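Going down the list, the sequences are from chains Y and B.
All residue numbers for the first sequence refer to the numbering used here, where the first residue is 7 and numbers rise by one.
All residue numbers for the second sequence refer to the numbering used here, where the first residue is 519 and numbers rise by one.
Beta carbons are placed, not taken as given, at the ideal position from N, Cα and C, and that holds for glycine.
Every value quoted in this text rests on a predicted model; they were computed, and no experiment measured them.
Scroll down for the structure; my scribbles are underneath it.
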Amino acid sequence: MRRLVASLFVVAVLGLVGLAAGNIKAGFIYVGPIGDYGWTFAHDQARQIVDEEFDWLETVYVESVPEGQAGTFIDQLVAQGCNVIFTTSFGFMDETIEAAARYPNVIFAHCSGFKRAPNSATYMADFYQVYYLNGLMAGALTKSGKIGYVGAFPIPELKRHINAFTIGVRTVNPNAEVHVRWIYEWFNPAAAKEAAEALIAEGCDVFAFTEDSPTVVQVAAEHGLPSFGHYSPMYDFAPEYVVSGQIVHWEAIYRDFLMKVHDGIYNPTNLQHVDYWWLLSQGAVEVGAKPGMVINPAFEDDLKAVVVNDPMLGEISVYDLVMTRLHQMGDPGVTYDPFQGPIYDRQGKLRVPEGCWLSADSLVTMEWAVEGVVGPWPGEPTE
Amino acid sequence: MDWQSWLIGIVGRALAFGTPLLWGTLGEIYAERAGVVNLGVEGMMILGAFSAFAVAQSTGHPGLGIMVAAVVGGVAALIHAFLTVTLRANQYVSGLALTMFGLGLAGLLGRGWEGIPLRQPLPDVTIPGLAKIPLLGPMLFEGQSILTYAGLILAVVLWIILYRTRWGISIRSVGESPATADALGVNVFLIRYLCVMFGGVLAGVAGGFLSVDYRPSWTEGMTAGMGWIVIALTIFAAWDPLQAIGGALLFGALYHLSYRLQAWLPPELLKLMPYAFAILVLAIAGLGGAGRRRGAPGALGVPYARGEK
Chain Y
7 MRRLVASLFV VAVLGLVGLA AGNIKAGFIY VGPIGDYGWT FAHDQARQIV
57 DEEFDWLETV YVESVPEGQA GTFIDQLVAQ GCNVIFTTSF GFMDETIEAA
107 ARYPNVIFAH CSGFKRAPNS ATYMADFYQV YYLNGLMAGA LTKSGKIGYV
157 GAFPIPELKR HINAFTIGVR TVNPNAEVHV RWIYEWFNPA AAKEAAEALI
207 AEGCDVFAFT EDSPTVVQVA AEHGLPSFGH YSPMYDFAPE YVVSGQIVHW
257 EAIYRDFLMK VHDGIYNPTN LQHVDYWWLL SQGAVEVGAK PGMVINPAFE
307 DDLKAVVVND PMLGEISVYD LVMTRLHQMG DPGVTYDPFQ GPIYDRQGKL
357 RVPEGCWLSA DSLVTMEWAV EGVVGPWPGE PTE
Chain B
519 MDWQSWLIGI VGRALAFGTP LLWGTLGEIY AERAGVVNLG VEGMMILGAF
569 SAFAVAQSTG HPGLGIMVAA VVGGVAALIH AFLTVTLRAN QYVSGLALTM
619 FGLGLAGLLG RGWEGIPLRQ PLPDVTIPGL AKIPLLGPML FEGQSILTYA
669 GLILAVVLWI ILYRTRWGIS IRSVGESPAT ADALGVNVFL IRYLCVMFGG
719 VLAGVAGGFL SVDYRPSWTE GMTAGMGWIV IALTIFAAWD PLQAIGGALL
769 FGALYHLSYR LQAWLPPELL KLMPYAFAIL VLAIAGLGGA GRRRGAPGAL
819 GVPYARGEK
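Written out as structure tokens, the structure reads:
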């Protein structure tokens with residue numbers, strides 16, 4: 007109710023402020039508050055960046071929209087004159103498609119879903135390559151051989167990320183384990199803190215996570231342990247302990263999409279097959295403790311001291327391996343993928359045959375756990 | 519993993535997580551003992567959390583942040599007291615409104631403060647000497663917050679006041695039967711005002727603990743439902759400050775265990791455990807005390823108007 011009132015208020019205020027000239031008016035529907043310093047914060051930062059970049063663009067947003075109520079807010083945004091609408095939560099998928107049918111002349115784009123329409127595209131910036139790079143570093147830094155991972159929900163997106171992370175860890179440290187704890191919330195600092203404390207009590211000494219606050223980084227630093235930031239730059243929360251992390255750049259996608267709408271390349275009839283699945287090479291995601299800092303200098307020596315034997319690259323330090331892989335995945339013409347066969351799941355079943363890469367479809371529906379993942383894994387395939 | 523390190527972990531985490539719950543619950547107990555339900559705990563906590571962070575960050579003094587949080591919590595509660603005691607508004611509606619108001623206002627004021635680590639958190643204390651005691655030392659006296667100890671002492675003091683002093687008798691009588699208390703010359707309105715505001719002060723401190731100690735940073739909505747746990751714990755503790763210690767620690771321990779035990783038990787089940795346990799205990803208590811409302815103040819939730827009935 008509070009969120010509803012707040013959302014209505016923001017819509018009203020922005021509606022009055024809006025109405026300046028500009029031939030694209032883009033509306034953003036957010037699932038959380040823009041102050042979460044996580045998912046919604048990142049989308050809103052991107053909105054502000056593109057809003058400043060293009061003088062033909064005007065943007066408005068509605069925050070804290072509960073899943074199931076997006077339709078009403080879409081109606082309002084359309085009534086205010088929005089001709090492009092971004093819905094930024096998986097749970098808005100069906101409402102977006104319904105609204106697209108209601109407003110055939112408005113362009114829609116839905117984040118993280120898989121349903122499209124002639125006037126409704128989909129987009130996603132995915133971190134799995136970045137998690138793999140973080141995993142390489144984590145594998146080199148653990149002394150106990152146990153790495154802690156605090157996860158939000160056991161859904162394919164997180165499973166893909168934890169698997170990619172674990173593949174990185176085991177590349178450097180074949181016997182290391184990634185211990186996983188689920189908190190069943192996207193945002194709950196107290197739960198994240200207690201889950202991290204539980205992992206520390208069990209001997210984990212390096213941390214990664216998926217939760218929309220910097221809690222895990224702070225808890226690890228209190229215990230003097232290294233960690234990886236998630237979603238927003240978290241270096242400042244623990245400059246001595248944040249090794250690297252995952253940073254998103256939604257503006258890369260918003261910029262490309264809106265420019266194509268502006269140039270007439272996208273119109274409300276040709277979006278049925280427009281699906282952005284953007285990774286390192288498109289600049290939608292970045293590896294680093296903060297923008298421009300791939301590896302915290304405090305950990306450079308440690309990572310240069312650990313040497314692994316790669317079948318293709320020979321003897322190579324973890325530091326150089328991270329940089330090499332970053333180029334292989336980040337440069338145009340990607341020549342490496344973390345899910346490169348042979349990969350077995352933790353029950354011994356071959357999931358990726360030798361020499362193969364996984365398709366985008368297999369990545370987004372991933373339910374299995376790779377060898378090295380320890381802990382509960384709801385929905386794990388049994389066959 | 520030996521049993522000692524398990525025990526140290528569980529008790530240590532129970533104390534840490536239980537601290538904001540204990541402060542909040544003690545405050546709500548006093549408000550409800552005087553007959554006023556305040557469902558605005560979540561709102562007062564979040565206002566306390568934000569103001570403590572803003573002050574601590576600006577001045578570099580976390581202790582000052584906590585003090586300001588206490589004042590802010592008290593002022594927020596004053597709104598509730600005015601609406602429910604003076605205007606005799608529905609206490610449940612007013613409390614809910616306070617929660618929404620607090621969450622909204624803190625979110626609005628907090629814009630621009632998120633994503634910044636607090637430059638000087640409240641330091642943890644290790645009590646010299648006592649921390650050396652085997653088992654008990656690391657369990658109780660190492661790396662805990664000053665507010666943890668203060669909360670435990672406060673619970674004892676509040677129990678003594680409630681059951682062993684004239685003030686306590688006045689507070690309880692106002693909650694049980696305000697008309698009788700009024701007839702005996704007790705100032706019902708003053709006591710209700712003071713108790714509700716005191717509840718707000720403690721809720722403000724609980725929120726301040728979250729943002730300058732437990733997780734030294736500000737994020738919108740960071741109380742994440744703790745205020746509601748406080749409401750449940752108040753009933754769970756049968757409106758008794760000493761039982762509130764047990765309730766807060768038990769809830770803290772179960773919360774910690776719900777992550778520790780994930781390696782062996784399904785996480786969905788564990789996530790439910792603390793809440794399921796609370797329901798179970800309430801049900802058992804309800805059965806046991808059939809007819810009597812197990813410590814609930816008689817006039818709880820009922821506005822008092824002089825001369826009626």
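| Query | Result |
| --- | --- |
| May I ask you to verify whether the segment 58-76 of chain Y touches the segment 766-773 of chain B, counting CB pairs closer than 8 Å and requiring at least 3? | no |
| Taking residue 527(B) as the reference, which of 201(Y), 297(Y) and 231(Y) has the closest Cα? | 201(Y) |
| For residue 302(Y), is the classification buried or exposed, using 16 other Cβ atoms within 10 angstroms of its Cβ as the cut-off for buried? | buried |
| Do the CB positions of residue 821(B) and residue 734(B) come within less than 8 Å of each other? | no |
| When you compare the CB of residue 34(Y) with every CB in chain B, is at least one pair closer than 8 Å? | no |
| Is the CB of residue 270(Y) under 8 Å away from at least one CB in chain B? | no |
| What does the alpha-carbon distance come out to for the pair residue 332(Y) and residue 166(Y)? | 18 Å |
| Inspect the CB distances between the segment 191-198 of chain Y and the segment 240-254 of chain Y and report whether three or more fall short of 8 Å. | no |
| Could you tell me whether the Cβ atoms of residue 206(Y) and residue 185(Y) are closer together than 8 Å? | no |
| Do residue 37(Y) and residue 77(Y) have their CB atoms nearer than 8 Å? | no |
| Under the rule that 16 or more other beta-carbon atoms within 10 Å means buried, what is residue 753(B), buried or exposed? | buried |
| Determine the contact status of residue 3(Y) and residue 198(Y), defining contact as a CB-CB distance below 8 Å. | Not covered by the structure: residue 3(Y). The range shown for chain Y is 7 to 389. |
| Cβ closer than 8 Å: which chain B residues qualify as neighbours of residue 187(Y)? | 777, 780 and 785 |
| Give the DSSP-derived three-state secondary structure of residue 65(Y) in the structure shown. | strand |
| Quick one: what does DSSP say residue 91(Y) is sitting in, helix, strand or coil? | strand |
| Can you list the alpha helix (DSSP H) stretches of 4 or more residues lying completely in the segment 649-730 of chain B, in chain order? | 654-658, 664-682, 684-694, 696-701 and 706-727 |
| With 9 Å as the C-beta to C-beta threshold (strictly closer), list the residues of the segment 717-740 of chain B near chain Y in chain order. | 728, 732, 733, 734, 735, 736, 737, 738, 739 and 740 |
| Could you tell me which of 814(B), 825(B), 606(B) and 824(B) sits nearest to residue 546(B), measuring between CA atoms? | 814(B) |
| Using alpha carbons as the reference points, say which of 269(Y), 107(Y), 286(Y) and 32(Y) lies closest to residue 86(Y). | 32(Y) |
| If we cut at 8 Å on Cβ distances, does residue 531(B) have a partner in chain Y? | yes |
| Just to confirm the assignment, what range does the alpha helix (DSSP H) spanning residue 524(B) have? | 521-551 |
| Quick test of your reading: residue 561(B) and residue 570(B), contact by CB under 8 Å. State the CB separation rounded to the nearest angstrom. | Wrong, their Cβ atoms sit about 15 Å apart, outside the cutoff. |
| Classify residue 135(Y): buried if its beta carbon has 16 or more other beta carbons within 10 angstroms, exposed otherwise. | buried |
| Find the residues of chain Y that neighbour residue 563(B), judging by a C-beta separation of less than 9 Å, and give them in chain order. | Per Cβ cutoff of 9 Å: no residues; residue 563(B) is ~12 Å from chain Y at best. |
| Tell me whether residue 21(Y) sits in a helix, a strand or coil according to DSSP, three-state version. | The predicted position of residue 21(Y) is uncertain, since its pLDDT is 44 and thus under 50; no value can be drawn from it. |
| Given that a residue counts as buried once 16 or more other Cβ atoms are within 10 Å of its Cβ, and exposed if not, what is residue 609(B)? | buried |
| Thinking residue 532(B) and residue 767(B) are a contact (beta carbons under 8 Å), I'd like their distance in whole angstroms, please. | 5 Å |
| Going along chain Y in order, which residues have a C-beta closer than 8 Å to the C-beta of residue 744(B)? | 196 |
| State yes or no: is the beta carbon of residue 550(B) nearer than 8 Å to at least one beta carbon in chain Y? | no |
| Could you list which residues in chain B have their beta carbon closer than 8 Å to that of residue 296(Y), in chain order? | Within chain B, no residue comes near residue 296(Y); the closest Cβ sits about 11 Å away, beyond 8 Å. |
| Cutting at 6 Å between CB atoms, please list the residues of its own chain near residue 46(Y), excluding the five before and the five after it. | 36, 38 and 40 |
| Name the two residues that bound the continuous alpha helix (DSSP H) containing residue 108(Y). | 99-108 |
| For residue 173(Y), report the span of its alpha helix (DSSP H) as first-last. | 162-178 |
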